[in-house]
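Below is one structure, written out as structure tokens; the observations come after it.
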């Protein structure tokens, strides 16, 4: 809904939660180097290490490992001072913030509008089963004529729940899905812009560590209409820490390996889907 989107924008701008439960024990994931943590780095640019022994010997620490290390080695300073960094995560505890008040929400919303919305951003929300690609094109035409607004990026949340256009409503559902993805590709070609959307993976992928091309839902022809598609991978443990792995499933005109994900650090409670990344 529009209120949900505006709420996320306010949290992003303020970098503070709007609920008290997210204000307690807020740990931020910080980019660090494995060689630094394991005391195996001899580079002169290395961050000062106050402890003579490794502070984390495992290359895939759990939430409990990280919390114990952070509380034991409080003076540890993460290092990312050289190109040879071998990325990993460290946790730093933040002072408990106060949840956003109504007055602060209104102020932050004005700040966001002044910084991002005026002339640069449009938000359009619609009830389920009411928005089709045809309706999107009509709205874009209206914005261009009335406000001279021509987008460089169009984000659709999300393709699987778009309504079918009138000319293919009688097709089977999977064929409707194929046509919707075709029309989204057509939209990017006509408008000369980037169109971003998402799709659900099939149920059997929920227990997999890493998505691959076999995890499509409904119709594999979705791949035929994408310039690139990426998988978002996250275990419950990674979600708690604030990590997500993104792997390329399909990238046209580029060499890629779907088994080499990029790890991003995030803290959604304060509206930050991307803090740092490493591979």
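In the working numbering, the protein residues as written are 251 to 529.
Where a beta carbon is used, it is the ideal one built from N, C-alpha and C, also for glycine.
Model, not experiment: these values are computed from the prediction.
Query                                                                                                                                                                           : Result
Mind reading off the beta-carbon distance from residue 341 to residue 278? Whole number of angstroms is fine, and I expect it under 8 Å.                                        : 7 Å
Are residue 296 and residue 331 touching if we call contact CB-CB under 8 Å?                                                                                                    : yes
Taking the C-alpha atoms as reference points, what is the distance between residue 461 and residue 518?                                                                         : 22 Å
My guess is that residue 400 and residue 394 are in contact by the Cβ rule of under 8 Å, so how many angstroms apart are they, rounded?                                         : 6 Å
The beta strand (DSSP E) that contains residue 405, what's its start and end?                                                                                                   : 403-406
So what does residue 277 bridge to, in DSSP terms?                                                                                                                              : 343
Identify the continuous beta strand (DSSP E) that holds residue 526 and give its terminal residues.                                                                             : 522-528
Three or more beta-carbon pairs under 8 Å between the segment 259-270 and the segment 343-351, yes or no?                                                                       : yes
What are the complete alpha helix (DSSP H) segments, minimum 4 residues, inside the segment 286-339?                                                                            : 313-322
Should residue 366 be labelled buried (16 or more other beta-carbon atoms within 10 Å of its own) or exposed?                                                                   : exposed
Residue 446 bridges to which residues according to DSSP?                                                                                                                        : 405
Over what stretch of residues does the beta strand (DSSP E) that includes residue 480 continue unbroken?                                                                        : 478-483
Using beta-carbon positions only, say whether residue 380 and residue 413 come within less than 8 Å of one another.                                                             : yes
Output the distance between the C-alpha atoms of residue 499 and residue 309, rounded to the nearest integer angstrom.                                                          : 25 Å
Whole angstroms is fine: what's the gap from residue 218's alpha carbon to residue 408's?                                                                                       : The question about residue 218 has no answer here: the residues shown for the chain are numbered 251 through 529.
Within the same chain, show all residues whose beta-carbon is closer than 7 Å to that of residue 487, passing over the 5 residues directly before and after it, in chain order. : 312, 313
How do the segment 300-309 and the segment 318-328 stand: do at least 3 beta-carbon pairs fall below 8 Å, yes or no?                                                            : yes
Starting from residue 495, follow the beta strand (DSSP E) in both directions and report where the run begins and ends.                                                         : 493-501
So, helix, strand or coil for residue 462, using DSSP?                                                                                                                          : coil
Between 513, 463, 509, which lies nearest to residue 484 when the distance is taken from Cα to Cα?                                                                              : 513
Where does residue 389 fall in DSSP's three states?                                                                                                                             : helix
Name the two residues that bound the continuous beta strand (DSSP E) containing residue 514.                                                                                    : 512-517
DSSP three-state call for residue 282: helix, strand or coil?                                                                                                                   : strand
By the three-class DSSP mapping on this structure, what secondary structure does residue 348 have?                                                                              : coil
State the DSSP-derived secondary structure class of residue 379, mapped to helix, strand or coil.                                                                               : coil
For residue 472, count neighbouring C-beta atoms within 10 Å of its own C-beta (all shown protein chains included) and say buried if the count is 16 or more, exposed if not.   : buried
Give me the Cα-Cα distance between residue 383 and residue 263, rounded to the nearest whole angstrom.                                                                          : 30 Å
Among residues of its own chain, excluding the 5 on either side of residue 375, which ones have a beta-carbon nearer than 8 Å to its beta-carbon?                               : 251, 252, 255
Which same chain residues, not among the five before or five after residue 429, have their C-beta less than 8 Å away from its C-beta?                                           : 414, 415, 418, 421
What residue from 464, 459, 411 has the CA that sits closest to residue 447's CA?                                                                                               : 411
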